[in-house]
Structure formats: C-alpha cells, structure tokens
Amino acid sequence: MKQIDNYINGSYIPPVSGNYLENFEPATGKPYSQVADSGPNDVEQAYQAASVAFPSWSKTSLEERFLIMNRIAEGIERRMELLAVAESIDNGKPVSLARRMDIPRAAANFRFFATAAMQFASESHEMPGTAINYTLRQPIGVVGCISPWNLPLYLFTWKIAPAIATGNTVIAKPSEMTPMTAYLLGEICTEAGLPAGVLNIVQGLGPSAGQAIVSHPGIKAISFTGGTSTGAHIAATAAPVFKKLSLELGGKNAFIVFEDSDFDRVVSEAVRASFSNQGQICLCGSRIIVQESIFEKFTAAFVEKVQQLRIGDPQDENTQIGALVSEAHFHKVSSYIALAQSEGGKILTGGNSVKLSGRCTDGWFLEPTVITGLSQNCRTNQEEIFGPVVTIQSFKDEAEALVLTNDTRYGLATSLWTRDLSRTHRMSAAIQSGIIWVNCWLLRDLRTPFGGVKDSGVGREGGWEAMRFFTEAKNVCIAY
Ligand code: NAD
C-alpha cells in the first residue's frame, strides 16, 4: 500500500509518531494508501525548515521566483494524467473532470501568480511640498495554508502560489481525505528547483496537524478553505494572537432563473451547476429558484436532463457522476434526503444510493436528487448539504427572488439568469454574496476577488487581493 509521507525541507519524511491513517478510495470503499498522521512535532519540523528558508527566499529576485513557479506549472502539466488519475482515486470525482478542470487550474494558479510576482507594485502618496509616503509590501514570514478535499490540488495551489510568489515560506496541509496530489506536488517542486524549506507539506488530521499549524506562535498568517464551523474554530484560535486570517467557507448558493433567460442554456448550466463533482463544489447552485411562469416547463426539462447523467466508476471516461468523498459524507448527504422528505419535500428524481457492479460495488454513490415543495425556512433550504442534492422553488417577481436568494446565513456565490440588463445591475447590487455570475456559472478570471460574505467567510483570494493578503504593508513617510 502506498505510504504518503510529509514533504519537509525538500525531502519526504515519515511522521515523528510513526503513525499512519488509512486513506480510502471512495469509488471502491477500500483503503488504498496510508497517510502520515502528523501532529505538533511534525509541524515544528516544518516550521524550522520554513524559518531557515525564509531569509533567502524573501530576497530571491522576482524573476527567479517567476522562473521556478513557471517550472512548477510545467511539471504539473507534464504529469497531467498521473495527477488526474490520483485525484480521481483520492476523491471519487470523474477522471475526465480532474483532467479538464482541477489539474489544469492547479498549473494555471502557479503560472498566474508567477506572473503576478513580476507585476505586483506598491503605491506612493505625495503630500505636495511636504513629504512623500511610499508603501513597502513585505512578505509576512512563515504562513499556513489549509485546504479541503473537494478540489484538492486546485485549492491547495490557489493558496500556496501567491504565498510563495510574495516571498513567504509555507506550511501547507491538504485534507486527510485527499492527500495524494499534494504529496506528488512535493516532487514537482523539488524538480522545478524550489529551494528546500520554501514549501513544506504536512499531512494529517485537522484537530492534530491542522490545529498545530493554526496555534503555532511563529506562523503569522493562515489561509483556510473549508467548512464554516471549522472556520469559526480557527478564527477563535488565531484571533487572540492576532494572526492574519483569510477564511473561505461554506455556501448555500441560489441559481436564479427568470422567464426571459435563454431556456436551453439555463437548463444545461443548471445541471452542471448542481451536480459537477457530485455537487461537492462550494460554488454549486444548491437552491434553484425559478420564475412561476416557467416553473413547470423548467422543472420538467431539468429533471429529464438530470436523469440522463451517467453515474459510474470515476475512472471510466464516460462517467459524469462519481462517488461521494467518504462513507461519513455519504451518510450525511443521505440523511438530508430523508430530512427533506420529513419536511414535506417531494423527490422528483433520485434519492437513492447506487449499487454499481465490478470493482465499485462497495463505493459511495448516490443518485443526483431533485427535491421540490419545500419552504425557504426549512433546514434543507438553509443548511449546506454539499452533495448531489438540489431543491427547486418558484418565485413571482424580482422582489421575491431577492428575498429567497438572501435568506440564508451564507453568501458565497449566486448565478443569475436573465436578459434584462437593468435587472442584472439592480439585483447584483442587492444580492448578498461575494460572487455573482450572470448568465454563466463557474467562469473564473484569476484576477478577480474571490470569496464570500456573511458566514461564507472573510477576506478575499485571487489577483492582487491574494498578493496583498500574503504581504504586510509598511508606510514610509519621508519629509522633504
Ligand atoms: P473541513 O472544514 O472539515 O476541513 C478543511 C480542512 O481543515 C482540512 O484540511 C481539515 O483537515 C482541516 N481542519 C479541520 N479541523 C481543523 C482544525 N481544528 N484546525 C485546523 N485545520 C482543521 O472542510 P471539508 O469537509 O474538508 O470541506 C468542505 C467544506 O469546504 C464545505 O463547507 C465547502 O463549502 C467548503 N469549501 C469552501 C470553499 C470556498 O472557497 N469558500 C471552497 C471549497 C470548499
């Protein structure tokens, strides 16, 4: 069985405790690797390596950082197939999705922030006749990056790339459920010439390895993506010691369909937004709200398309719906289907677990599920399910659409479908979410701010926002 060790100071090393966790393949329900069960001692080793590497890396020229990060991007691209298969085995996602989305975007993250390192500039402000101020943006030091299991390499590199581009050294922890692509990244970084200690990858559980990163006194900033309750715990640990925090948390995103939208396009995009990666993308539209006048027509067309989705072995090129990430998550999502029924919801399609034949008989597969007939204030419409389960509700007019959209504790992303330009502007200003996609979903320009409002998080990733997060601004005021 493959052993997944920590990557510290440029080498793979076993955890100090010698203990490993079982890592399961969701499609088969069987363990396929062992992951280092790290704790405070491993984080301390990583911290020592990162501290030693910092003085030199923070003074490495921008061009040298750019060249190394570009070589990391190339290394990811050269191993596209290996990484896509690894991510699919780890996560249960269709290999075609990993190859099309996750792995290319991981390479794009390094390429984008390599370029950003070369272009990043700070400001100067003149006080006429009196003084000139300039802003020095300096790396913070050793920073922590903690990421979830749903888009493993993509979200891991989305944090690491801006952190090293700005001259920090990093201790990064992937999810214990999807350690494989992060593990492979170590070797890619070594090959690309990233100096030892600049990136250290500590594997293991949240409460032990993750908590040790968050509470380490020398780690001055934490960039975290994961669940809202974990985010609250991290904030409670880090705030009293004044760590800089970026928290990208959960969502309960509305997908709003007005009667004037392009019908065929909105139906297919609603299917993609609901069920990509088995609904396990924080940005998935899990609440579809449709204007009354086209509710019946939309629902019938949507359900028909959902029923055509092919559920199967994630390694099969034709599979569109793979397995849920873990047995516990499978049971959690299934429990929400039961809850929806007890709350009066009607299942229009799906609702059952799927028993596949062959190597996937014991995998954690669930039918894409569409539920209607629920009120906005029920738990099914308020809580993040994070699986292949969507609800459909109707609305009369713009005002009601807005109320339904904003009526949750979350505020991550909204997808709005209409051809009315004035309505687009009005609603975009009034919708409480960090991202609003109009007539599209999951279209990403890496320069734009990324993140949520309300309980979906604080801070922004992407573009200059990330470069600013990973630097400390110092004002120098020079009198004439
Ligand atoms: P999670 O919060 O359980 O875990 C996320 C990471 O935090 C993992 O690496 C985990 O080991 C670690 N962790 C857990 N407890 C910790 C602790 N006490 N201290 C430090 N680290 C700890 O989340 P998950 O189940 O892996 O991911 C799913 C969640 O992530 C969903 O809520 C989803 O919406 C959210 N998510 C948000 C975004 C976004 O950009 N807003 C993107 C992807 C996923």
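The working numbering applies: residue 105 is where the sequence shown begins, and numbers increase by one. Built from N, CA and C at the ideal position, the CB exists for glycine as well. Please read all numbers here as calculations on a predicted model, not as lab measurements.
Residue i classed as buried or exposed, judged by whether at least 16 other C-beta atoms fall within 10 angstroms
{"i": "Lys-500", "result": "exposed"}
{"i": "Asn-481", "result": "exposed"}
{"i": "Val-47", "result": "With the chain covering only 105 through 584, there is no way to say anything about residue 47."}
{"i": "Asn-59", "result": "Outside the displayed range of the chain (105 to 584) lies residue 59, so it cannot be described from this structure."}
{"i": "Gln-412", "result": "exposed"}
{"i": "Glu-291", "result": "exposed"}
{"i": "Tyr-584", "result": "exposed"}
{"i": "Lys-263", "result": "buried"}
{"i": "Lys-347", "result": "buried"}
{"i": "His-433", "result": "buried"}
{"i": "Asn-145", "result": "exposed"}
{"i": "Val-493", "result": "buried"}
{"i": "Asp-549", "result": "exposed"}
{"i": "His-229", "result": "exposed"}
{"i": "Thr-552", "result": "exposed"}
{"i": "Cys-544", "result": "exposed"}
{"i": "Val-306", "result": "buried"}
{"i": "His-529", "result": "exposed"}
{"i": "Pro-252", "result": "buried"}
{"i": "Ser-115", "result": "exposed"}
{"i": "Lys-578", "result": "exposed"}
{"i": "Leu-525", "result": "exposed"}
{"i": "Met-531", "result": "buried"}
{"i": "His-320", "result": "buried"}
Beta-carbon gap between residue i and residue j smaller than 8 Å
{"i": "Ile-539", "j": "Ala-570", "result": "no"}
{"i": "Ile-475", "j": "Lys-450", "result": "yes"}
{"i": "Gln-149", "j": "Ile-108", "result": "no"}
{"i": "Ser-200", "j": "Glu-471", "result": "no"}
{"i": "Val-361", "j": "Gln-384", "result": "no"}
{"i": "Ala-157", "j": "Gly-301", "result": "yes"}
{"i": "Ser-560", "j": "Leu-353", "result": "yes"}
{"i": "Asn-110", "j": "Ala-153", "result": "no"}
{"i": "Gln-536", "j": "Val-557", "result": "yes"}
{"i": "Ile-275", "j": "Ile-317", "result": "yes"}
{"i": "Phe-554", "j": "Asn-272", "result": "no"}
{"i": "Val-375", "j": "Met-281", "result": "no"}
{"i": "Pro-256", "j": "Glu-181", "result": "no"}
{"i": "Asp-194", "j": "Met-284", "result": "yes"}
{"i": "Ala-131", "j": "Asp-417", "result": "yes"}
{"i": "Ile-398", "j": "Gln-497", "result": "no"}
{"i": "Arg-391", "j": "Thr-495", "result": "yes"}
{"i": "Ile-250", "j": "Ile-582", "result": "no"}
{"i": "Phe-379", "j": "Ile-425", "result": "yes"}
{"i": "Gly-355", "j": "Cys-386", "result": "yes"}
{"i": "Ala-503", "j": "Gly-196", "result": "no"}
{"i": "Ala-340", "j": "Phe-359", "result": "no"}
{"i": "Glu-488", "j": "Ser-350", "result": "no"}
Boundaries (first-last residue) of the alpha helix (DSSP H) holding residue i
{"i": "Asn-145", "result": "144 to 162"}
{"i": "Phe-216", "result": "207 to 223"}
{"i": "Ser-378", "result": "367 to 379"}
{"i": "Leu-413", "result": "Premise fails: Leu-413 is in no alpha helix (DSSP H) and is neither H nor E."}
Which residues DSSP lists as bridging residue i, in chain order
{"i": "Arg-391", "result": "Ala-358 and Thr-495"}
{"i": "Ala-140", "result": "Tyr-124"}
{"i": "His-229", "result": "Asn-237"}
{"i": "Ile-275", "result": "Gly-248 and Asn-304"}
{"i": "Gly-561", "result": "Glu-352"}
{"i": "Phe-588", "result": "Because residue 588 is not part of the residues shown, which for the chain are 105 to 584, the question remains open."}
{"i": "Val-474", "result": "Thr-453 and Val-494"}
{"i": "Tyr-111", "result": "Tyr-116 and Ile-305"}
{"i": "Pro-135", "result": "Phe-128"}
Span of the beta strand (DSSP E) around residue i
{"i": "Ala-512", "result": "Ala is not the amino acid found at residue 512; the sequence shown has Thr there. It is not in any beta strand (DSSP E) - Thr-512 carries neither H nor E in the DSSP assignment."}
{"i": "Val-318", "result": "Element bounds for Val-318: not the beta strand (DSSP E) but the alpha helix (DSSP H), 315 to 319."}
{"i": "Gln-242", "result": "235 to 243"}
{"i": "Trp-541", "result": "539 to 542"}
{"i": "Gly-248", "result": "246 to 250"}
{"i": "Phe-346", "result": "That residue, Phe-346, is in no beta strand (DSSP E); it is neither H nor E in DSSP."}
{"i": "Lys-578", "result": "575 to 583"}
{"i": "Ala-325", "result": "325 to 329"}
{"i": "Gln-107", "result": "106 to 108"}
{"i": "Leu-520", "result": "517 to 521"}
{"i": "Leu-452", "result": "450 to 453"}
{"i": "Ser-461", "result": "Counting along the chain, Ser-461 falls outside any beta strand (DSSP E), and DSSP gives it neither H nor E."}
{"i": "Val-429", "result": "Run containing Val-429: none; DSSP gives neither H nor E here."}
{"i": "Ser-115", "result": "115 to 117"}
Any non-hydrogen atom of the ligand ZN within 7 Å of residue i CB
{"i": "Cys-249", "result": "For the ligand ZN, the structure offers nothing, since it holds only the ligand NAD."}
Quick check: the stretch 323 to 331 against the stretch 240 to 249, are there 3 or more CB pairs under 8 Å?
yes
How do the stretch 404 to 414 and the stretch 360 to 377 stand: do at least 3 beta-carbon pairs fall below 8 Å, yes or no?
yes
Could you say if the stretch 191 to 211 and the stretch 157 to 172 meet the contact criterion of at least three C-beta pairs nearer than 8 Å?
The answer is no - the stretch 157 to 172 does not touch the stretch 191 to 211, with fewer than three Cβ pairs under 8 Å.
Contact between the stretch 219 to 230 and the stretch 168 to 178: three or more CB pairs below 8 Å?
yes
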